[in-house]
Structures are given as structure tokens and as C-alpha cells.
Amino acid sequence: MSQFAINLIFVGGSFALYIAIAIWARAGSTKEFYVAGGGVNPVMNGMATAADWMSAASFISMAGLIAAGGYANSTFLMGWTGGYVLLAMLLAPYLRKFGKFTVPEFIGDRFYSKNARLVAVACLIIASVTYVIGQMTGAGVAFSRFLEVESDTGLIIAAVIVFLYAVMGGMKGITYTQVAQYVVLIIAYTIPAVFISLQLTGNPLPPLGLFSEHTASGMPLLQKLDLVVRDLGFTDYTADVSNKLNMVLFTLSLMIGTAGLPHVIIRFFTVPKVSDARWSAGWALVFIALLYLTAPAVASMARLNLLNTIYPAGPTADAIQYAERPDWIKNWEQTGLIKFDDKNSDGRIQLYNDKSESFKQTATERGWNGNELTVNNDILVLANPEIANLPGWVIGLIAAGGLAAALSTAAGLLLAISSAVSHDLIKGSINPQISEKGELRAARISMAVAIVVATWLGMNPPGFAAQTVALAFGIAAASIFPALMMGIFSKRVNNKGAIAGMLAGLIATVTYIFLYLGFLFIPGTNMFDNVQANWLFGISPLSFGAVGAMINFIVAFAVSSATEQPPQHIQELVESVRYPKGAGAATDH
Amino acid sequence: MTEHDRNAAAYWSANLRLIVGSLIVWALVSYGGGILFRPLLAGISVGGTDLGFWFAQQGSILTFIALIFFYAWRMNKLDKEFGLHEE
């Protein structure tokens, strides 16, 4: 059977499963459409949250980022998991107790202000739309590589599938497809990792393999990797970072941003009880950790494998001939994600760090004239089975897994967007008299429109697509998370304080990002070059979300204490979200 | 202040204490062990590298999971002790 047929069976099979779930899980009420009826088992919700959260970035890009950056990029591992501790203790249980459908709805009610709700809707839509572009382009890449269709055709196929279960089933359909997608993506991610760990270290568990002995050299794996990269002029894989402040703030921004992303928060509205919301956050992190503990192992092992492929006799001996390169390099060259340029015309592939000043002399002595192989970080996970010579069905599995990761996150984001439009904008602002049936129809139409817009953006990604993730996390961290947290933990913060805080955090963060990355990311409109020497206190634009959050907190408290107390019924509302049962029964006010 | 209010206030401050304690551990393993104190932990070797590297790539994630389950278990117990649990 050809590789194409195998890929088709795996992807087609997983899609058939999602469609079957769509037909089974249709939503009949707005409660089913927005929060799956509120009866999802906490373990199931944990699994759905894991799929909702782990996007194309986690599945496809993260291991590549860690492989390239080594220890320095551990920030992604800590940042994208540590947010769940904040979510479990500071937000999820209380928002579940509040018991409504959307994140802006809580902000609007707690800060007794339609404007606060609208600011929250705007933040939600900007954060979620920028995020969804990445998922759609990720799905397009996976299709074009594995199913040999144009990436646009692949995108439309993916959009139709999401359309079927998201428009029909709303949160209910999305929840159960996300459970299935989690199973597909975690199997796809771990199986190749187990094989590679066995090949390199003899240990079948990748997280243990990472700290085991490299069988071929008898050295610890990480030590061997340090030696190999050092011989090619790269920084040691395990080398420490000098700008610790920036590393701390970047990790903190990712954590706060994670906890403030609306599509993740609304997943906790679907469980029956407050106590379930707490358990569910724990289960979500268990399921996420299965991938996040595997990723750093995949990263180091894949980097070692790649360098061994290019330098079969070791990094101090000759590199392989271009004519003798393995098939996987040829396959990925066609996608443009691997590029070869024989700068010294010796017919061999020299891969090394040509930006290192101290390595220049060695490179010249060896007759090298610049790095000749450019490998896009994103292919590491997708090409992993081919690099390690794994059987064809593993490649089919990776294709289905990458698509599951992209589609599950896209669906969660689309639901957050469409519920903000139909529930917060239409019912909350434009037409409060709308009937239950009318709102359900409005929710379905907004979902359909959101899918069309996301697909169009996926086909015509704005040039800044790659940088917008910083924007999504920055906005979530600087505006949404602090507003929610103060709404629960302070009775003193009032409507004026909350709105001023959200706007201050948002504007400060967006301005700082635009100063270095350009106004709306348009090249050439940046005020400063985006290099460490220019950063304020060495804080990179990507790390500024945490500072934005602090500005939000400070402004909100300052403005609130200069203005009046929130009214009595709002203070009772805060009481009521703090206690799982009864205490301040103020929700009906 | 009624008996009911006192009970609720005691429950809330117990929750706050638990959150502060948990977040101290949360910060110690990630920002401490994984980033700031890494040079201090350089002497403790773990599989070809040092303890700080382990915290950054594995230890903090494992601790986060333990923290959330510990918090959920303690809080669900407190809900019952204070009679504030849902039926």
C-alpha cells in the first residue's frame, strides 16, 4: 500500500469518527449549544480541555522550538502548563459557580456595566481570531504534505468537517469530538516518541529516556547532544540563560495568558458542580502533561537524530553528499520547509551555526562557506517518523494527529467567538428580547460566519500571522485575566476601575509590542529594532503581557479607591461566587 | 455579623491561605528551581545535566499536577466541613 493510501485511511477514518459524533450530539437548546448542557463528566472535560488547549502550536511547533533553543525554550513547557494552576485556584471554580454562558457575561454582570462587557468582547474576539488563523494554516500544511492536495483545498475540507459538528452540536458536539481528537493526537504524538527513545536510549518511556544514557556513545543523552552541537558552533543545548528577568516574565506572561484565554475558561462551564471544576482542571493538566513531558524528549532526540543524519561519522568528520540524502529530506524539500544551498560547491550538506563569531575560524579551516541547510522548526514533529525510519502507518497517524490538534483548538476558539457574538452582542446588547429559539439560530449563524472568516484568513494569512500569538497571549494576560481575578477576589473594584484597568493593560501591552514589531505588525513601522539592547529593562515584547497585567491591577485599584464602592447587590454577587452553595444568594438580583 | 457570615468568612480565609501556600510552591519550582536558582543547583547532576534543567523541563510540570489535585481535594473537603458543598 502506498504512503498516500495509508495517510488517507488514517485521516479519513478519524474524520468519519468526528462526523458520526456530530450526528449523535446535536444541540437542542442554547444551554446545550453554549455549555453542552452543563453535564459533562470532569475527566471527559479534562480530556476535551487538553485537546481544546493543545493547538497546532503545541503539537507541531513546540518540540521544534525546544530543539532549536534547548533549555532557553523551557519557558513554553512551564508557561503553557503553569497557567492551569492559576485557572484551578483563581478562576475556574468561581466562574462555574457564577453559572452563566460566557466570559464577557461575568465581566459585564460583576462590573455592572455594558461597556465593560463590550471591552471584554473586543479583547476576546481579537485574541481568539488571531489564534484561529494559526490553527487553520496548520491544518493546511498538514493536508498539503500528507494528502497531496493544495493547501487551500485541504483547508476547505477541514472547514467543512468543523462546520458539521460545531454548527450542529455547538459546545456539545465540540466536547465529544475533542475527546476523540485528544485520543487521536496523544497516540500520534507518543508512539513515534517511544520508538525514537528506544532507538537512542533503550528506554521505552521518552521522559525517562531524556535523562538516560545514549546507547551508541555510552554517554548521557543530553551530554552527547551538548558535545555535538558545540562541535558545530551552536550554544550548548543545556546552557543557562543570562537574561533571567526576561525569562521569568515571558514564562509568567504565558501562564497568565493561558489562564485568561476565554476558549479554555468556558470549558469549565460545562461540568455539573464547582467541585468538578476543580478536579477537571487537574485532569486537564494530566492529559496535557502526557504531551508536554514527551515534547522535550522528542526535541532533544530529534535534534540529535537530525545532526547524525547530516554527519553520519560525527560532527568533526565530513557531512553527507547531497546526492545521497535520505528520502525524507527530498519529501520535505518539495514543501519548501527544508532548503539546501551548496554555498561552497562541494556537493555536501554543511549544517552549522554560521552566526557564531568564535566558530568562524573553524568553519573557514574546514572549507565551509556558510550554513547550507535551512530546516523549518515546524517539520521536526511531522518528519520525526521518517527521520527515525518508522513504518508507514506511524506517518499516517502523525497526519491524523496534527489535524486533530489544529481542528480541536479551532472549534473551541470558534465557539468562544460565536457565543460572544450571539450571547454578549446580540442578546446582551442589540436585541435583549430575542427568544431562546432565535438566540440558538443566531449562535449557529455566528458560528457559520466565524468559520468562513477563519477559513478565508487561513487561505490569505496576513504576513504577521506568526507573530500574532504574542498578541493573543498579551491581550489575554493584560486584559481578561486581571479583570476576572479582581472580580472574584476583590469586592472593592468597581465598574470604573475595571474598565480603566482593562484599557490601560491592553493599550500598554499592544503599544509595547507595536513599538518593536511594527504598527499592526507592518514591516518598517516599528520605532526600535527588536533586539535586546533596545528593550526596556531587557524585557522583550513577547514578555510584556505580565507587565501589562500588573499595570491593569494597579490602575484598577487606584481608580476604584478614588471612586465609589460597588453597590450592595454586586458585593453580594461576589460573595455568591466564592461559596459553592447558598451563602450569598444574590444571583437573581 | 451572624453565625452564617462568620462561617463563610472562615471558609474564605481558609481558601485564601491554601491558595497562597500553593502558589508559593508553584513559583518556587518554576521561577525558582527552573530559572533563578538554576546556577545554585548546578552541583546536583541529573542524567547528564543539572537539577535546574530537570525542574524547567519536567519537575515543574509534575509539581503543578500534584498542586491542583491537592488543592481540589482540600477544597472539596473544606466545602463539606463548612456545609457549603453542593448536593
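Chains as they are written, first to last, in my numbering: chain A, 1 to 589; chain B, 1001 to 1087.
For glycine and all other residues, C-beta sits at the position ideal for the given N, C-alpha and C.
The model shown is predicted, which means the values in this text are computed figures rather than measured ones.
Along chain A, which residues have their Cβ under 7 Å away from the Cβ of residue i?
i	result
B/Phe-1069	Gly-282
B/Gly-1040	This sequence places Leu at residue 1040 of chain B; Gly is not what is there. Per Cβ cutoff of 7 Å: no residues; B/Leu-1040 is ~11 Å from chain A at best.
With DSSP as the reference, label residue i as helix, strand or coil.
i	result
A/Phe-98	helix
A/Arg-348	strand
A/Ala-583	Bear in mind that a pLDDT of 38 at A/Ala-583, under 50, signals an unreliable position, so the number given afterwards is only what the model happens to contain. In the structure shown, A/Ala-583 sits in coil (DSSP, three-state: anything other than H, G, I, E or B).
A/Val-43	helix
A/Thr-258	helix
A/Pro-220	strand
A/Ile-338	strand
A/Val-194	helix
A/Glu-357	coil
A/Glu-572	helix
B/Asn-1007	helix
A/His-214	strand
A/Val-183	helix
A/Ser-151	helix
A/Leu-414	helix
A/Leu-373	strand
B/Thr-1049	strand
A/Gln-135	helix
A/Asp-588	Because A/Asp-588 carries a pLDDT of 36, less than 50, the predicted location of this residue cannot be relied on, and no value is offered for it.
A/Gln-433	coil
A/Gln-321	strand
A/Glu-386	helix
A/Met-447	helix
A/Ala-239	coil
A/Ala-5	helix
B/Ile-1044	coil
A/Glu-105	helix
Cβ closer than 7 Å: which chain B residues qualify as neighbours of residue i?
i	result
A/Ala-289	Ile-1061, Ile-1065
A/Lys-244	Ile-1035, Leu-1036
A/Thr-81	Ile-1061, Phe-1064
A/Asp-240	Arg-1038, Pro-1039
Quick one: measure Cβ to Cβ for residue i and residue j, integer angstroms, because I've assumed they're closer than 8 Å.
i	j	result
A/Leu-515	A/Met-527	5 Å
A/Met-1	A/Ala-405	25 Å between Cβ atoms; not a contact.
A/Arg-492	A/Gln-565	7 Å
A/Ala-556	A/Thr-509	At roughly 15 Å, the Cβ-Cβ gap does not stay under 8 Å, so A/Ala-556 and A/Thr-509 are not in contact.
B/Ala-1072	A/Trp-279	5 Å
A/Phe-481	A/Ile-256	5 Å
A/Gly-474	A/Gly-538	Contact flag wrong, Cβ pair sits at about 17 Å.
A/Ile-499	A/Val-119	6 Å
B/Glu-1081	A/Val-274	So it is not a contact: roughly 15 Å between Cβ atoms.
A/Gly-487	A/Phe-106	7 Å
A/Lys-339	A/Thr-374	4 Å
A/Val-40	A/Ile-266	Rounded, the Cβ-Cβ distance is 12 Å, inconsistent with contact.
Check whether the Cβ of residue i lies closer than 9 Å to any Cβ atom in chain C.
i	result
A/Pro-104	In summary, chain C is missing from the structure at hand, where the protein chains are A and B.
So residue i contacts chain A; which residues on that side make the cut at Cβ distance below 8 Å?
i	result
B/Glu-1086	Lys-273, Val-274, Ser-275, Pro-580, Lys-581
Looking at residue i and the ligand ATP, is the gap between the Cβ and the nearest heavy atom below 8 Å?
i	result
A/Gly-134	Looking at this structure, you won't find the ligand ATP or any other ligand, since it has none at all.
Which chain B residues are close to residue i, counting only those with a beta carbon under 9 Å from its beta carbon?
i	result
A/Tyr-84	Phe-1064, Ile-1065, Ile-1068
Check the Cβ of residue i against every Cβ in chain B and list those closer than 8 Å, keeping chain order.
i	result
A/Asp-52	Residues of chain B passing the Cβ test: none, with the nearest at roughly 17 Å.
A/Gln-223	Gly-1048, Thr-1049
A/Tyr-292	Ile-1061
A/Val-248	Tyr-1031, Ile-1035, Leu-1036
**Item:** Validate contact between the region 56-66 of chain A and the region 218-225 of chain A using beta carbons, cut 8 Å, 3 pairs
**Value:** A contact between stretches requires three or more CB pairs, one per stretch, nearer than 8 Å, and the region 56-66 of chain A fails this requirement with the region 218-225 of chain A.
**Message:** Output needed in chain order: residues of the region 1045-1061 of chain B with a Cβ under 8 Å from some Cβ in chain A.
**Reply:** From the region 1045-1061 of chain B, only Val-1046, Gly-1047, Gly-1048, Thr-1049, Asp-1050, Gly-1052, Phe-1053, Trp-1054, Ala-1056, Gln-1057, Gln-1058, Ser-1060, Ile-1061 have a Cβ closer than 8 Å to chain A.
**Asked** Counting pairs of Cβ atoms below 8 Å between the region 82-95 of chain A and the region 297-316 of chain A, do you hit three or more?
**Response** No contact exists between the region 82-95 of chain A and the region 297-316 of chain A.
**Message:** Closer than 9 Å between beta carbons: that is the criterion. Which residues of the region 562-580 of chain A meet it against chain B?
**Reply:** Against chain B - using a Cβ distance shorter than 9 Å - the residues of the region 562-580 of chain A are Glu-575, Arg-578, Tyr-579, Pro-580.
**Asked** Does the count of Cβ pairs from the region 152-161 of chain A and the region 68-86 of chain A closer than 8 Å reach three?
**Response** Segments in contact, no.
**Message:** If the cut-off is 9 Å on Cβ atoms, which residues from the region 194-211 of chain A count as contacting chain B, listed in chain order?
**Reply:** For the region 194-211 of chain A, which is checked against every Cβ of chain B, the residues closer than 9 Å are Pro-207, Leu-208, Leu-210, Phe-211.
**Asked** Do three or more CB pairs link the region 138-152 of chain A to the region 431-447 of chain A at distances below 8 Å?
**Response** The region 138-152 of chain A vs the region 431-447 of chain A: no contact.
**Request:** Count the C-beta pairs between the region 35-54 of chain A and the region 275-294 of chain A that are closer than 8 Å, then say yes if the count reaches three, no if not.
**Result:** Counting C-beta pairs with one atom in each stretch, the region 35-54 of chain A and the region 275-294 of chain A have three or more that are closer than 8 Å, which means they touch.
**Message:** For the structure I just gave you, are there three or more beta carbon pairs, one from the region 12-24 of chain A and one from the region 246-265 of chain A, closer than 8 Å?
**Reply:** No: fewer than three Cβ pairs fall under 8 Å.
**Asked** Mind listing which residues of the region 1009-1024 of chain B have their C-beta closer than 9 Å to chain A's C-betas, in chain order?
**Response** Of all residues in the region 1009-1024 of chain B, Tyr-1011, Trp-1012, Asn-1015, Leu-1016, Leu-1018, Ile-1019, Ser-1022, Leu-1023 have a Cβ within less than 9 Å of some Cβ in chain A.
**Prompt:** Listed in chain order, which residues of the region 63-76 of chain A have Cβ atoms closer than 7 Å to some Cβ of chain B?
**Reply:** Answer in chain order: Tyr-71, Ser-74.
**Request:** Report yes or no: do the region 123-130 of chain A and the region 381-401 of chain A share at least 3 C-beta pairs separated by less than 8 Å?
**Result:** Counting Cβ pairs under 8 Å, fewer than three are found: no touch.
**Prompt:** Is there contact between the region 408-427 of chain A and the region 189-207 of chain A, where contact requires at least three CB pairs shorter than 8 Å?
**Reply:** At 8 Å Cβ cutoff, the stretches do not touch.
**Prompt:** Which of the residues in the region 532-561 of chain A, read from start to end, lie with their CB under 9 Å from any CB of chain B?
**Reply:** Of all residues in the region 532-561 of chain A, none comes within less than 9 Å of chain B when Cβ atoms are compared.
**Asked** Using 8 Å as the Cβ pair cut-off and three pairs as the minimum, do the region 172-181 of chain A and the region 356-370 of chain A touch?
**Response** Segments in contact, no.
**Asked** Using 8 Å as the threshold, is the region 1017-1035 of chain B in touch with the region 191-198 of chain A, meaning 3 or more CB pairs across them?
**Response** Cβ pair count under 8 Å is below three, so no.
**Message:** Taking contact to mean 3 or more Cβ pairs, one atom from each stretch, closer than 8 Å, check whether the region 1036-1050 of chain B and the region 1003-1017 of chain B are in contact.
**Reply:** With contact defined as three or more Cβ pairs closer than 8 Å, the region 1036-1050 of chain B and the region 1003-1017 of chain B are not in contact.
**Asked** Taking one C-beta from the region 241-258 of chain A and one from the region 339-356 of chain A each time, how about it: are there three or more such pairs within less than 8 Å?
**Response** Pairwise C-beta distances place the region 241-258 of chain A out of contact with the region 339-356 of chain A, as fewer than three of them are shorter than 8 Å.
**Message:** Against chain B, which members of the region 247-268 of chain A pass a CB distance test of less than 7 Å?
**Reply:** Within the region 247-268 of chain A, the residues whose Cβ lies closer than 7 Å to any Cβ of chain B are, in chain order, Met-247, Val-248, Thr-251.
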